[in-house]
Structures are given as C-alpha cells and as structure tokens.
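Protein chains in written order, with the UniProt record's numbering: chain U, 1 to 187; chain S, 1 to 187; chain D, 1 to 187; chain A, 1 to 187. Beta carbons: idealized from backbone N, C-alpha and C, even for Gly. Worksheet: the structure to be examined is printed underneath.
Protein chains: 4
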Amino acid sequence: MKSEIVKQSILLFEKKGFSTTSIQDIVDELDVTKGTFYYYYSSKEQLLMDIHEEYITKLLEAQYEIINRSYTSYKDQLIEIIRLIITDIVENGSSARVFFREMRHLSEKHIKIIKEKRKQFRLNIESIVEEGIKHGEIRDDLRPDMISFGIVGITNWSYNWYKTEGEVTPEQLVSIYSKMILTGIEK
Amino acid sequence: MKSEIVKQSILLFEKKGFSTTSIQDIVDELDVTKGTFYYYYSSKEQLLMDIHEEYITKLLEAQYEIINRSYTSYKDQLIEIIRLIITDIVENGSSARVFFREMRHLSEKHIKIIKEKRKQFRLNIESIVEEGIKHGEIRDDLRPDMISFGIVGITNWSYNWYKTEGEVTPEQLVSIYSKMILTGIEK
Amino acid sequence: MKSEIVKQSILLFEKKGFSTTSIQDIVDELDVTKGTFYYYYSSKEQLLMDIHEEYITKLLEAQYEIINRSYTSYKDQLIEIIRLIITDIVENGSSARVFFREMRHLSEKHIKIIKEKRKQFRLNIESIVEEGIKHGEIRDDLRPDMISFGIVGITNWSYNWYKTEGEVTPEQLVSIYSKMILTGIEK
Amino acid sequence: MKSEIVKQSILLFEKKGFSTTSIQDIVDELDVTKGTFYYYYSSKEQLLMDIHEEYITKLLEAQYEIINRSYTSYKDQLIEIIRLIITDIVENGSSARVFFREMRHLSEKHIKIIKEKRKQFRLNIESIVEEGIKHGEIRDDLRPDMISFGIVGITNWSYNWYKTEGEVTPEQLVSIYSKMILTGIEK
DNA sequence: CATGAATGAGCGTTCATTCAT
DNA sequence: TATGAATGAACGCTCATTCAT
Chain U
1 MKSEIVKQSI LLFEKKGFST TSIQDIVDEL DVTKGTFYYY YSSKEQLLMD IHEEYITKLL
61 EAQYEIINRS YTSYKDQLIE IIRLIITDIV ENGSSARVFF REMRHLSEKH IKIIKEKRKQ
121 FRLNIESIVE EGIKHGEIRD DLRPDMISFG IVGITNWSYN WYKTEGEVTP EQLVSIYSKM
181 ILTGIEK
Chain S
1 MKSEIVKQSI LLFEKKGFST TSIQDIVDEL DVTKGTFYYY YSSKEQLLMD IHEEYITKLL
61 EAQYEIINRS YTSYKDQLIE IIRLIITDIV ENGSSARVFF REMRHLSEKH IKIIKEKRKQ
121 FRLNIESIVE EGIKHGEIRD DLRPDMISFG IVGITNWSYN WYKTEGEVTP EQLVSIYSKM
181 ILTGIEK
Chain D
1 MKSEIVKQSI LLFEKKGFST TSIQDIVDEL DVTKGTFYYY YSSKEQLLMD IHEEYITKLL
61 EAQYEIINRS YTSYKDQLIE IIRLIITDIV ENGSSARVFF REMRHLSEKH IKIIKEKRKQ
121 FRLNIESIVE EGIKHGEIRD DLRPDMISFG IVGITNWSYN WYKTEGEVTP EQLVSIYSKM
181 ILTGIEK
Chain A
1 MKSEIVKQSI LLFEKKGFST TSIQDIVDEL DVTKGTFYYY YSSKEQLLMD IHEEYITKLL
61 EAQYEIINRS YTSYKDQLIE IIRLIITDIV ENGSSARVFF REMRHLSEKH IKIIKEKRKQ
121 FRLNIESIVE EGIKHGEIRD DLRPDMISFG IVGITNWSYN WYKTEGEVTP EQLVSIYSKM
181 ILTGIEK
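What follows is the structure in structure tokens.
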C-alpha cells in the first residue's frame, strides 16, 4: 500500500502539482480512505520528502557508480553522466518532474538536506571537469563550476520538453548533447 | 495600484509559490483590502496570466528586435540571444522564476496561449540555427531542434542557481556559455 | 457579531466543555458559517483566551474597587470579597464555570498570563488577612496564605453546585459563608 | 495490563485532559497497540467511568469506615473527614484531579451514577452536621447543607493548588482547615 | 475606488473504533 | 491475548470569491 501511495502521488503531483493535489485526490485514486494515508505517512510533506529522498539518493548512487568505474578519458566519464541524467529523465519522467518542481514545498529542514545532495551531484561533475582540465583534456578558460552548471542545465532541462513518443531516442539525445558540450556546434 | 499588485505578487509568488500565496498575503503587503484586488483583477489566476503574458511578450519582442538587426554571422546572433536570456534572468529574476515555475497554475486555455509563445521563442532560435547550418556556419549533424533545446536549457537553467552577489558577472556567464555552445569545452 | 460569538461560546463551553465544542457547534447556533468565526477570531484558543481575560480582568477590577474603599474592619472587607465572588458566580455562572474548568486548554503562554492574575486575586485576599492579623482582628496561628486558599476554596466551589432556583439566595449564602469563615461553626 | 492502562491513563488525563488524550497516547506509553486497549475496555468513556467509579467508591468506603467508628464528638468526626479528603488529594492527586475535572466526559447515564455517589458523600457530611446541631455542638443558624458545601469546597479546592513540595504538610493543612471551619478565623 | 463582512467549499489532520488474523 | 491495517466522521482552519455600502 505504501508503495502504491507513492506511485499514485508522483503521477498526481506531476499532473497537478503538489499543493493542488489533495490527500483526497490521492486516496480516491487508490480506493482507500484518508485514514489509510495517515497510517503510512505522518503528513503530506513527509510523503514529498520521501519521494525526493529516494529520487536523489538513487541518482547519486548511480553517479558514484559511474565515477568509480575506470575510463579512458574524462570526456567519456562526462558523457556517461550525461547519459545517466537523460536516461533517468526519460525513464522516471514523473519522478524527475516532481523532484525538479516541487522541492519548494518541503520544510526548511528537509529542503536543506535535499539541496545538499543536489549540490553534491553537481560538484561531482565539477570535479571531473577539473580533472579533465588538469590533464589537458578540457580547455582551462571556462571555469569548471560554470561548465558543470551548463551540463546539468542542458540535460536537466529536457524534463521540460522530452517526449518518449518523439522522433529522438534517448541515446540520440545523449549523443547530440555530448557533442554540443564537448566539441561545440561550430563547424 | 494595478502595477503595485503585480509587483508585490511577483515577489510573493517567487518566495512562496503561487498556490501558497493568498490574496490576503498580497493585499496585506500593500495595505489595502481584498476588495481592492478584485476591483483590478477578476481572479487570482487572471493575475498570474497577466504576469505570464507580460513576461513572455516582452521577451519575444526583445528577441524579434535582435533577429531584425543585421549581423556578420549567425553565431553572433545566437550569442546575442544567449545574452538576452541571461540578462533577463539576472535583471528580472523574480519574474523569470515565477514564469518558469508557476505556469501550471494557469487555466488550460491560458496555458495554451503561453506555451505557444514559449514555443515561438524557441523556434526562433531553431530558425537561426537552421540558417547557420545552411550557410555552413554550424555543423549539420546535430538537429537544429535539439540544439535549440540545448541553448534554452543551458541558459534558462541559470534561474535555478544564478546569484547576483556571486563571482561571475552576467557578461562573463554569456561569454562562457557562448563558448561552450559554439566551440565546445574540448581542448 | 463578535459579542454574540462570545456569548454563545460561553454557553456551549459550559454545557459541553471547550474541546468537545466545535467551531461548527458555535456557528450553527448563530446561523452563520465558519468563515465568519475566523473573521473575528484567529483561533478557537484565542476565543477562549478572550473569555478568560475579560473574566479575570473584570473580577480583579471589582476586587480593587473593594480594596480601595474604606472599612471599619478587615473582616468587613473580607466579607465584601466573599460577596463579590458569590454574586459573580451567581450572576455570571456560565463564564465562571468556563473560567474555572477550561483554563487548561489555553496555550502555555496564555495560561501564564491568566494564572498570574488569578494568583494576584488570591494574594490580595492574603494581604487583607495579614493586615487583619497585624491589627489583632484575625487569629495569628493559621497562616494567611492557607486562610486565603480556604476563602477562595469555599466560595469558588459554589460554581459546582449553586443553583439560582434553589432555596438559598446569594445574600444568604454570603452571610452563611462569612459566618463560617469568620466565626466558625462551633457553638 | 488492565491496571497499567488505568495507571497510565490517569497520569495522561491529568496532564493533558481526557479529550486531548488519545488512545494512541495511552498505548504508546505502554508499548502496546490499540487493539490491546480495546481488548480490555470497550471504549474510552468506559475507561473514564472505571476510573471514576473506583475513585468515588473507595472514598465513600473510607468515609463510611470513619462514620462507623465511635467518637467523643461530632466535631472530631468532621475533622476526621476533612483529614480523609485532604490526605486523599495529597496521596492520589492525579486521580483526584481527573475525578474533579473530567466527569463531564462521561455519558449521561454514567454521570448520573457518579453524581449520586458524590452527593451521598456530601450528604453524609450534612448528616454529621445535623447531628452536631441536634446535640448542641454546632450552631443552628447556618443550614447544615450549606455547611457541608462549605466543608467540601474548602477541602476539595486544594486539588487546585496543593503541592507536595510546599511548606505545609497535609497534617498541618488539616489542622488549619479544621480550625477555620470549626472555630472561625476571628480573634 | 475601496471596504468589510460573510460565504462555502475544501484542506490537512486526528482519532475512536472495527476486525481479520 | 494481541496486532496491524483500515475506516469514516469530524475537526480546526484557509481562502478565493461575492456583495452591499
């Protein structure tokens, strides 16, 4: 039941937004009563936190898994991370959209926790960029922090528009974005 | 009065989110009563629509102004548009954040109107990219639509993190992002 | 309207108790809606506080009025205060019962304020007793504080049982209690 | 288990009040589940009734025990009853406070039963007073019923303020109150 | 133009109670 | 004996909106 609540909530939060979705909406969809919801979650905000925490934790784990593999180049490592973000958004679009849009509705305390982890995710990219610069793979005139913001921006933004039914496969998008970022669009 | 309502609303919507901000919150800040609000706006949603419409209209106008100038290259034109987005987010951060985050709370009908204009903004970029490809300025293996998504993604994302008090000036950010997009980060 | 809310609330709080009386109960009785209640009171607790504050303030004022009059003896002054308590309970029975029974439902902060005033009321009695002892009117072997507790106990308790329709008039009760306390029941 | 439920409930009812204490609060304290509670008690109200019944029954029994002893005077008998009330409040403060404050939350039917027993307790005092009057020990100008109300008032009220850690021992309080009532405070 | 009183629908949450196991 | 999942009714409270003045 708990996992069903999470599943339905994500769909509803994605469609209507967190604050516009009522507990009633959620339990109606599951044909249970509000009491049941509160048997599993102490508050609506706690549910949102659970969703956020699971999302970012899994993503961070996957990122560390990538980081700890061995690579022939830092550029390849960056491509792998671009792939991680894109495939995650494609595969868990609803969760991703909830994650990106509804963080504001967490409590101060919870926001802090999530922000820290999100920051860590970006800092890990920044570190790879720094290594790439140090090893002469990446140009040194562009600030690693801004590059990392650029990478998460370009990839994360796709949660706003990417459609599974579209013409471009995830792998193609990974390829295009990787080329854009690494070699630019200039001829 | 009407413009003061808009001004305060934007600040509050940015800080607390649209659905968490009450009409009471808005009028309290202006030291008027709710009646006054409803004299100027027929509903809370209408106010949000006004904010959205003004924002995207101004942005589109600025974009057309850029497009209609003459350029030595399409790349320069793209840089100009990157500059437009960045400076707008820096200068009108609150409006930008409300625009990006709260669109969902518009009515179906209004959403359609705004989405169309947002799409037009991106399509205008796509057109420039297409021209750039046609004239051999931009590589032809990356799909103009995806490139345009990439450009708006990388730039728009900055509303999530850019801080005026930070180390990087808007112009530096324009420069970095322009280089990233046009020539890539590879050494 | 505000005063009607107070009036009805006191009756309901007396009859059903504070926590068993719902806002709905109150507004139903007045044929208005819950919104109306919250237009006048920010919370149920705030209403209870208003009731408490008005009650104890008026009582204290009446007590000071008595204290500041001139008397032929301290005993007469004590009788006057016994009269004050008894007549107050008889005349404002509902308020008195709410005051004595529901204080616990105030917030910590509010409880402190009310407790202080209640204590002051008793201390004022203690002071009279002390003066009475000092001037040889009252025996000195019984502790003024305990005497004051005795006086408020014997009189306040009547909120638990006194009925206007009973055989004993308030004035008779004042007389009986004054005699009991001042001269004892021993023959 | 049943007695542990009673014990904990009394403490919680005293601290938070009956209607503010939830079954969950009670069972949490005992590290069992709500099912357990309902195995022993059919309802929350039934538990309250049990507490009330046990309290007043024991008190009445103790009172009869006093009444059935032989005394040299009716005044001594009254003192013994004052002692009973005071020591009971001191020793079973929590139960006493619950008894005095929460009766209102019993059902109509149960209230009637308890009220009857409480009345009996007072009537027994009234009878002693009457006998005292008849035998010339107690003055006959003060109504035995009012005197009995005075006695229970002055003594019962101590549940509102008496603190075990205070300066006055129970026995001292008994002495003071006995003197106040029997011989008055006049010099 | 603006106010202030009032509405009514809905929300998040609590909780006594039930019941199959 | 005891649990744990679920119910359903109610509660305190919020808020966009209306409207007579």
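query	result
Rounded to the nearest angstrom, how far is the Cβ of residue 70 of chain D from that of residue 11 of chain D, given a contact under 8 Å?	Actually they do not touch by this definition, with Cβ atoms about 39 Å apart.
Is residue 92 of chain D close to chain A? Criterion is C-beta to C-beta, closer than 8 Å.	no
Could you tell me which of D:67, D:100 and D:80 sits nearest to residue 159 of chain D, measuring between CA atoms?	D:100
Quick one: measure Cβ to Cβ for residue 120 of chain D and residue 60 of chain D, integer angstroms, because I've assumed they're closer than 8 Å.	7 Å
Using a C-beta to C-beta distance shorter than 7 Å, which residues of chain S count as neighbours of residue 154 of chain U?	150, 153 and 154
With three or more C-beta pairs closer than 8 Å as the rule, is the segment 29–48 of chain A touching the segment 5–19 of chain A?	yes
Hey, is residue 174 of chain A's beta-carbon within less than 8 Å of any beta-carbon in chain D?	no
Pop quiz: residue 18 of chain U and residue 102 of chain U are said to be a contact at Cβ under 8 Å. What is the actual Cβ separation, rounded to whole angstroms?	4 Å
Within the 8 Å Cβ cut-off, does residue 179 of chain U reach chain S?	yes
Just to confirm before moving on: does the CB-CB distance between residue 176 of chain D and residue 78 of chain A stay below 8 Å?	no
Among the candidates D:72, D:20 and D:27, whose CA atom is the shortest distance from the CA of residue 2 of chain D?	D:27
Taking the continuous alpha helix (DSSP H) assigned at residue 189 of chain D, which residues delimit it?	In the structure as shown, chain D starts at 1 and stops at 187, and residue 189 of chain D therefore has no counterpart that could be examined.
For residue 87 of chain U, would you say it is in contact with chain S, using Cβ-to-Cβ distances shorter than 8 Å as the test?	no
Report the rounded CA-to-CA distance for residue 75 of chain A versus residue 132 of chain A, giving the unit in angstroms.	7 Å
Using 8 Å as the limit for Cβ to Cβ distance, is residue 158 of chain U near chain S?	yes
Residues in the segment 5–37 of chain U with C-beta within 7 Å of chain S's C-beta atoms, listed in sequence order?	17, 19 and 20
When you compare only the Cα positions, how much space is there between residue 129 of chain D and residue 138 of chain D?	7 Å
Anyone know if the C-beta pair for residue 125 of chain S and residue 152 of chain S falls short of 8 Å?	yes
Kindly say whether residue 168 of chain S, judged by its beta-carbon, lies nearer than 8 Å to any beta-carbon of chain U.	yes
Chain A partners of residue 146 of chain D, CB-CB under 7 Å?	168, 173 and 176
Just to confirm, are residue 82 of chain D and residue 154 of chain A a CB contact at a threshold of 8 Å?	no
Could you give the uninterrupted runs of the alpha helix (DSSP H) lying entirely in the segment 50–132 of chain U, keeping only those of 4 residues or more?	74–91 and 93–102
Would you tell me roughly how many angstroms separate the C-alpha atoms of residue 174 of chain D and residue 136 of chain A, rounded to the nearest one?	24 Å
Where do the ends of the alpha helix (DSSP H) carrying residue 138 of chain S lie?	Taken as a continuous stretch (DSSP letters only), residue 138 of chain S belongs to no alpha helix (DSSP H), as it is neither H nor E.
For residue 31 of chain A, which of helix, strand or coil comes out of DSSP?	coil
Would you say residue 106 of chain U faces chain S, with C-beta separation under 8 Å as the test?	no
Would you report the Cα separation of residue 134 of chain U and residue 166 of chain S, rounded to the nearest angstrom?	24 Å
Among the candidates A:106, A:184 and A:73, whose CA atom is the shortest distance from the CA of residue 179 of chain D?	A:184
Please report the distance separating the alpha-carbon of residue 38 of chain D from that of residue 111 of chain D.	22 Å
Since residue 56 of chain D contacts residue 5 of chain D with CB under 8 Å, what's their CB separation in whole angstroms?	With 8 Å as the limit, residue 56 of chain D and residue 5 of chain D do not qualify as a contact, their Cβ atoms being about 19 Å apart.
Taking all protein chains shown into account, do 16 or more other C-beta atoms lie within 10 angstroms of the C-beta of residue 145 of chain U, making it buried, or fewer, making it exposed?	buried
Measure the C-alpha to C-alpha separation of residue 118 of chain A and residue 98 of chain D and round it to an integer number of angstroms.	21 Å
Nearest to residue 16 of chain D by CA position, among A:105, A:13 and A:31, is which residue?	A:105
How is residue 161 of chain D classed by DSSP in three states: helix, strand or coil?	coil
According to DSSP, is residue 1 of chain A part of a helix, a strand, or is it coil?	coil
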